[in-house]
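J.: I'd like to ask you about the structure that follows.
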Amino acid sequence: MCQVVVIPVLRKPVWFRFFDIRVPAGFPSPAEDHRSMKLDLNRLLLPHPDASYLVRVMGDSMTGGESGIRDGALLAVDCLLEAQPNDVVIAAVEGEFTVKRLVKRRDDAWFLVPDNPSYPEIAINAPDMFDVWGVVTHVVTETRRGRLGSHLRVI
Numbered sequence: 189m190c191q192v193v194v195i196p197v198l199r200k201p202v203w204f205r206f207f208d209i210r211v212p213a214g215f216p217s218p219a220e221d222h223r224s225m226k227l228d229l230n231r232l233l234l235p236h237p238d239a240s241y242l243v244r245v246m247g248d249s250m251t252g253g254e255s256g257i258r259d260g261a262l263l264a265v266d267c268l269l270e271a272q273p274n275d276v277v278i279a280a281v282e283g284e285f286t287v288k289r290l291v292k293r294r295d296d297a298w299f300l301v302p303d304n305p306s307y308p309e310i311a312i313n314a315p316d317m318f319d320v321w322g323v324v325t326h327v328v329t330e331t332r333r334g335r336l337g338s339h340l341r342v343i
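Under the working numbering, the first residue of the sequence shown is numbered 189, with each subsequent residue one higher.
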């Protein structure tokens with residue numbers, strides 16, 4: 189079972205300082221021009237606020253793959269985007285929500301595939317028991333666990 193926590197979408201800009209440089213994950217490089225710009229996180233994460241939402245992941249079926257989704261991550265989900273093969277989606281399967289990669293195989297067979305190989309794929313054999321609730325566009329992961337909960341409120 190997947191629990192979905194809906195997080196309200198603010199309509200006014202949330203501006204952050206943004207430094208358009210690549211920060212090395214190895215050895216530091218000599219300082220570049222550190223001129224900053226402003227970045228509106230609402231426009232980046234939720235370009236269609238009336239058709240977007242944030243959800244929090246519970247579970248590890250998407251860890252270990254290219255999506256970078258781990259337990260506790262926030263996902264920005266856009267309902268206006270049409271799901272394409274290999275998109276990560278929020279799907280309802282027989283009334284249960286899940287986050288998986290939508291994969292199309294030969295003979296137009298569709299599957300919901302976890303990034304974690306310890307979990308099984310879900311074949312979409314009955315299209316009437318399956319629905320895409322949105323395409324995941326961004327992943328926000330805490331590096332200091334436990335702070336997200338203090339910023340949520342029930343609406």
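All C-beta atoms, glycine included, are put in the ideal place defined by N, C-alpha and C.
(1) Which of helix, strand or coil does DSSP assign to residue 269?
(2) Output the residue ranges of the beta strand (DSSP E) runs that lie fully inside the region 215 to 262 and measure 3 residues or longer, sorted by chain position.
(3) Once you ignore the five residues that flank residue 192 on each side, which residues in its own chain have a CB closer than 6 Å to its CB?
(4) So for residue 293, helix, strand or coil by DSSP?
(5) May I ask you to report which of helix, strand or coil DSSP gives residue 333?
(6) Of the choices 259, 251, 328, whose alpha-carbon is the least far from that of residue 306?
(7) Count the other CB atoms, across all protein chains shown, that sit within 10 Å of the CB of residue 289; report buried if there are 16 or more and exposed otherwise.
(8) Which one of 287, 263, 292 has the shortest CA to CA distance from residue 234?
(9) Considering only the beta carbon of each residue, do residue 261 and residue 277 sit closer than 8 Å?
(10) When DSSP labels each residue in this structure, what does residue 319 get in the three-state scheme?
(11) I need the boundaries of the beta strand (DSSP E) containing residue 312, first residue and last residue.
(12) Can you tell me the Cα-Cα spacing of residue 270 and residue 322, whole angstroms?
(13) Taking the alpha carbon of residue 302 as the point to measure from, which residue in 330, 253, 334, 273 has its own alpha carbon closest?
(14) Could you tell me which of 239, 316, 256, 257 sits nearest to residue 268, measuring between CA atoms?
(15) In this structure, how does DSSP classify residue 282 when only helix, strand and coil are distinguished?
T.: Inspection of the coordinates gives the following:
(1) Translated into positions along the sequence shown, residue 269 becomes position 81. Residue 269: coil per DSSP, three-state reduction.
(2) If we require 3 residues or more, the beta strand (DSSP E) runs fully inside the region 215 to 262 come out as 224 to 228, 240 to 244.
(3) Locating residue 192 in the sequence shown gives position 4, counting from the first residue. Caution is warranted here: a pLDDT of 49 is assigned to residue 192, below 50, making its placement in the model unreliable, and the coordinate value is therefore given only provisionally. Shown here for residue 192: same chain residues with a beta carbon closer than 6 Å to its own, the five before and five after excluded, namely 243, 285 in chain order.
(4) Taking the sequence shown and counting its residues from 1, one reaches residue 293 at position 105. Three-state result, residue 293: strand.
(5) By one-based count along the sequence shown, residue 333 stands at place 145. The DSSP-derived three-state label of residue 333 is coil.
(6) Residue 306 sits at position 118 when you count from the first residue of the sequence shown. Of the residues 259, 251, 328, the one whose Cα lies closest to the Cα of residue 306 is 251.
(7) Taking the first residue of the sequence shown as position 1, residue 289 is located at position 101. With 16 or more other Cβ atoms within 10 Å, it is buried.
(8) Position 46 of the sequence shown, counted from the start, is the residue given in the question as residue 234. Here the closest residue by C-alpha is 263.
(9) Along the sequence shown, read from residue 1 onward, the residue named residue 261 stands at position 73. Along the sequence shown, read from residue 1 onward, the residue named residue 277 stands at position 89. Cβ distance not < 8 Å, so residue 261 and residue 277 don't count as in contact.
(10) As a position in the sequence shown, residue 319 is number 131, starting the count at 1. Reduced to three states, the DSSP call for residue 319 is strand.
(11) Stepping through the sequence shown from its first residue, residue 312 is reached at position 124. For residue 312, there is no enclosing beta strand (DSSP E), as DSSP marks it with neither H nor E.
(12) Translated into positions along the sequence shown, residue 270 becomes position 82. Translated into positions along the sequence shown, residue 322 becomes position 134. Cα-Cα distance, rounded: 8 Å.
(13) As a working note, residue 302 is residue 114 in the sequence shown. Taking the Cα of residue 302 as reference, the smallest distance to any Cα among 330, 253, 334, 273 is reached at 253.
(14) Here the question's residue 268 lines up with position 80 in the sequence shown. Relative to the Cα of residue 268, the nearest Cα in the group 239, 316, 256, 257 belongs to 239.
(15) Looking up residue 282 in the sequence shown gives position 94. It is coil, neither helix nor strand.
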